[in-house]
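Student:
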Amino acid sequence: MVASRNLNVSWRNTAPPDFGHAMLEYFAFDPEYTNLNHGSYGSLPLPVIEACRVLDSEAESNPDRWIKFSYLPRLTTVRQRVAAGIGAKAEECVLVPNTSHGISTVLRNIEWQKDDIIVVFNTTYNSVASTAQFLSDIPPRPLVSKLTLVFPTTPSKVITQFREHLKHLPRKNGQKVVAIIDSIISMPAILLPWKEIVQVCKEEDVMSLIDAAHSIGQEPNLDLNKADPDFWISNLHKWSYAKRSCAVLYVPLRNQHLIKTTFPTSASYLSPSEHSTSNNFVEQFDWWATIDFVPYLSVATALDFRQWLGGEEKINTYCRRVAIQGSKRLAEILGTTATIMDPTGEMTLNMVNVQLPLSRGLQPRTAVFDKMKDKMILERKIFAPIFFLEETGWWTRCSAQIWTEVADFEKLGHNLLSICSEVVHELGAEEAKVKSKL
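Just so we're aligned, residue 1 is where the sequence shown starts under the numbering used here, counting upward by one.
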């Protein structure tokens, strides 16, 4: 447990160990727990935990000095470093609590009209899809248009399908169309050709809003200046080792006039009635309420730690290799090698999807989810989330990290075999019990 770990673990003046289980000494996991769900919430290295403790102590030792003098110069440095890493200008990047918050900030700033359209996918993250639906439910009620992806698929099929979907939208003069596009889908974990989709948006006069929750720290070669989306948001606490929660919102200079306010509204808000021509986009996000700035500032140590490990290419080369090898081994153990989510591997990064040996008709689904979660986390102390697709049934999503080895996938596989058998048996017994009372 964290309390028994030495947070002052030596790292800056030493060489890192080989990736794999040797890296576990740099993380705070319960020794009995096997984490294959890094993608959901991130995992904090001990050096970052210690840096956060120091920042907390500094803030509490003199809150006035912290808020009025200390945090802002460091926040500016973090913005500059994050911007450099994603190929953007510092003045185009601000930090927000998480990706959902950033996307909501963009969507709620747009001045919608009745005939405007918000394009979503059937794979759009649930809270983001709910935000789009909420905006459609209140005046002026922009339309939500959903594009359905069926898996397995290919990048070229996705691009073609997206283009055709846009061409069939009911277009009108002066109409705003905003497409919400995942860079990497949450479930199933699939890398979409989002950069090419952005270009399709430009050709079709559609604004692109990229939900890049899983990109920073997992997706290589992020060059936003070249990709040129209209809006782009990515979590820093998922794959980059920053303290949860923390994300970057990228808004190119050409679109910053559209983001009129933070949520909640900052004291730096400029009303149109003031006829101001200045752009205080960054200033508004520097301070919009009293919050804990430690997660934002933890990014500095997180980036230092990643550089110490060997940098982005080394980290992600290892993680992707283990993810692909581990998924093959997991599918072998589960006996589900017949259906592969991404046969070519071109849509796979550090998260993989493996089919479970469960019937598509297994009901009720909520009970399946609950039982699987309880048996994995509380009983076996190992976890990877499960999800259901109408076309192919039950799947698990596994995340590979620098502490992961193929053996972890094997351990998960053997546990899932017994868990799936238990769930089928228990649901069958419960169904029989209900029927006996009828």
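The C-beta atom is built at its ideal place from N, Cα and C for all residues, glycine as well.
#1: Rounding to the nearest angstrom, what Cα-Cα distance links residue 65 and residue 106 in this structure?
#2: So does the stretch 22-41 actually touch the stretch 402-412, counting three or more Cβ pairs closer than 8 Å?
#3: Can you give me the C-alpha to C-alpha distance between residue 18 and residue 314, rounded to a whole angstrom?
#4: Among 400, 137, 250, which has the Cα closest to the Cα of residue 282?
#5: Just to confirm the assignment, what range does the beta strand (DSSP E) spanning residue 145 have?
#6: If contacts are defined as beta-carbon pairs under 8 Å, then residue 248 and residue 227 qualify, I think. What distance do you get, rounded to the angstrom?
#7: If we ignore side chains and look at the alpha-carbon of each, how far apart do residue 159 and residue 234 end up?
#8: Just the Cα atoms here: how many angstroms apart are residue 20 and residue 185?
#9: Going by CA-CA distance only, name the one from 252, 30, 11, 182 that's closest to residue 381.
#10: Quick check on this structure: which residue in 155, 153, 161, 152 has the alpha carbon closest to the alpha carbon of residue 146?
#11: Kindly indicate which three-state DSSP category residue 122 falls into: helix, strand or coil?
#12: If we ignore side chains and look at the alpha-carbon of each, how far apart do residue 41 and residue 312 end up?
#13: Among the residues of its own chain, which have a CB less than 6 Å from the CB of residue 119, if the five just before and after it don't count?
#14: How many angstroms separate the CA atom of residue 427 from the CA atom of residue 394?
#15: Between the C-alpha atoms of residue 91 and residue 285, what's the straight-line distance to the nearest angstrom?
#16: What is the rounded straight-line gap between the Cα of residue 109 and the Cα of residue 115?
#17: By Cβ distance, which residues of its chain are closer than 7 Å to residue 434, with the 5 residues on each side in sequence left out?
#18: Which of helix, strand or coil does DSSP assign to residue 10?
#19: Return the Cβ separation of residue 236 and residue 259 in integer angstroms, given the expectation that the two are a contact with Cβ distance under 8 Å.
#20: What number of angstroms, rounded off, separates the C-alpha of residue 230 from the C-alpha of residue 305?
#21: Taking three-plus beta-carbon pairs below 8 Å as touching, is the stretch 395-403 in contact with the stretch 316-328?
#22: What first and last residue would you give for the beta strand (DSSP E) that runs through residue 299?
#23: Would you decide whether residue 117 is buried or exposed? Buried here means 16 or more other CB atoms lie within 10 Å of its CB.
#24: Closer than 7 Å by C-beta to residue 267: which residues in its own chain qualify, once you throw out the five before and the five after it? Chain order, please.
#25: List the DSSP bridge partners of residue 460.
#26: Hey, residue 372 and residue 423 are a contact pair by Cβ (cut 8 Å); roughly how many whole angstroms apart?
#27: In the structure shown, what three-state DSSP assignment does residue 233 receive?
#28: What are the uninterrupted segments assigned as alpha helix (DSSP H) that are 4 or more residues long and contained completely in the stretch 250-296, given in chain order?
#29: Measuring alpha carbon to alpha carbon, tell me which of 365, 84, 59 ends up nearest residue 388.
#30: Considering only the beta carbon of each residue, do residue 416 and residue 334 sit closer than 8 Å?
#31: Which residues in the same chain as residue 318 place their Cβ atom closer than 7 Å to its Cβ, once the five residues preceding and following it in sequence are excluded?
Tutor: Walking through what the data contain:
#1: Residue 65 and residue 106: Cα-Cα distance of roughly 32 Å.
#2: Enough Cβ pairs lie closer than 8 Å, so yes.
#3: Computed Cα separation, rounded: 11 Å.
#4: Distances from the alpha-carbon of residue 282 to those of 400, 137, 250 put 250 closest.
#5: DSSP places residue 145 inside the beta strand (DSSP E), whose first and last residues are 143-147.
#6: At roughly 15 Å, the Cβ-Cβ gap does not stay under 8 Å, so residue 248 and residue 227 are not in contact.
#7: Residue 159 and residue 234 have their C-alpha atoms spaced approximately 22 Å apart.
#8: Taking C-alpha positions only, residue 20 is separated from residue 185 by approximately 26 Å.
#9: Of the candidates 252, 30, 11, 182, the one whose C-alpha sits nearest the C-alpha of residue 381 is 30.
#10: Looking at 155, 153, 161, 152, the one whose alpha-carbon comes closest to that of residue 146 is 161.
#11: Annotated three-state conformation of residue 122 is coil, per DSSP.
#12: It is roughly 19 Å from the alpha-carbon of residue 41 to the alpha-carbon of residue 312.
#13: So the qualifying residues of the chain are 145, 179.
#14: If I take the Cα positions, the gap works out to 15 Å.
#15: Going by the C-alpha atoms only, they are around 11 Å apart.
#16: Note on geometry: alpha-carbon atoms of residue 109 and residue 115 lie some 17 Å from one another.
#17: Any reading at residue 434 needs caution, since the residue's pLDDT is 48, under 50, leaving its predicted position unreliable; the model's value is listed next. No residues qualify anywhere along the chain.
#18: In this structure, DSSP gives residue 10 a state outside helix and strand, which the three-state scheme calls coil.
#19: Not confirmed; about 19 Å, so no contact.
#20: Each residue's alpha carbon lies about 31 Å from the other.
#21: Yes, since at least three Cβ pairs between the stretch 395-403 and the stretch 316-328 fall closer than 8 Å, the two stretches touch.
#22: Run containing residue 299: none in the beta strand (DSSP E); it sits in the alpha helix (DSSP H), 294-309.
#23: Buried: at least 16 other Cβ atoms inside 10 Å.
#24: Correct list: empty, nothing qualifies.
#25: Residue 460 falls outside the range modelled here, since the chain spans only 1 to 438, and no answer is possible.
#26: About 6 Å separates the two Cβ atoms, so the contact holds.
#27: Correct three-state label for residue 233: strand.
#28: For the alpha helix (DSSP H) assignment, the uninterrupted runs of no fewer than 4 residues enclosed by the stretch 250-296 are, from N- to C-terminal side, 281-286.
#29: Residue 388 has its Cα closest to that of 365, out of 365, 84, 59.
#30: Contact: yes.
#31: Cβ neighbours of residue 318 beyond the five flanking positions: 19, 402.
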